[in-house]
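Residues in the sequence shown are numbered consecutively from 21, following the numbering used here.
Heads up: the structure comes next, in structure tokens.
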Amino acid sequence: MSDHTIQQALVFVMVTMSAADRTMTDHELAKIGNIVNSLPVFKDYGQDTFMADVKECSTILQGTNGLGDIISNVMNKVPEAMHETAYALAVEVAAADLNVEKEELRLLQLLRDTLNLDRLNCAAIERGARARHRTL
């Protein structure tokens, strides 16, 4: 798998999480941008590519089997060693607006199950995100 293919699938995870509750907040979009600009997995991933991938994800999500197609994309393109990373990115986006909705929780559960992730590891990822996003 090429780096861009994996990066695209990870962006799809984040955009899908942001859209899960039918509201893409400024905090979530800013969080996605910060993640793409700062994490090593997105090294050499340009802004133009990012915007094209966001647009493609939005188009896929509007399709008949949008969510299923995104999940299938993630399973086919993200190597097993990156499954926890994909889940962690989804959690970061869900936590960005400090309010995780039912739809977002369902998507996290779907990702956890689809990616065959250990519940304890997922709980640790979730706890870390809560700690990072907590406010005074």
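Even for Gly, the Cβ is constructed at its ideal location relative to N, Cα and C.
For residue j and residue i, the rounded distance between their alpha carbons
i              : j                : result
cysteine 77    : phenylalanine 32 : 6 Å
aspartate 68   : methionine 37    : 21 Å
leucine 59     : methionine 44    : 21 Å
serine 92      : glycine 148      : 27 Å
glutamate 100  : leucine 135      : 8 Å
threonine 25   : phenylalanine 62 : 11 Å
arginine 154   : serine 22        : 36 Å
isoleucine 145 : glycine 83       : 30 Å
arginine 132   : lysine 75        : 25 Å
leucine 125    : valine 94        : 18 Å
methionine 102 : phenylalanine 70 : 19 Å
alanine 151    : leucine 130      : 23 Å
glycine 66     : valine 35        : 17 Å
leucine 118    : asparagine 96    : 31 Å
arginine 139   : glutamine 28     : 25 Å
alanine 72     : glutamate 123    : 25 Å
threonine 79   : leucine 156      : 38 Å
Integer Cβ distance of residue i from residue j, believed to fall under 8 Å
i             : j            : result
glutamate 121 : aspartate 41 : 4 Å
leucine 30    : valine 98    : 7 Å
histidine 47  : alanine 116  : 5 Å
C-beta atoms of residue i and residue j nearer than 8 Å
i             : j             : result
leucine 137   : tyrosine 107  : yes
alanine 39    : leucine 81    : yes
asparagine 57 : glutamate 104 : no
Exercise for the section: Please go through the stretch 42-99 and give each complete alpha helix (DSSP H) segment of 4 or more residues, from N-terminal end onward. Expected result: 46-58, 67-81, 86-97
Exercise for the section: Would you check if the stretch 46-54 and the stretch 75-90 touch, i.e. whether three or more CB-CB distances between them fall below 8 Å? Expected result: no
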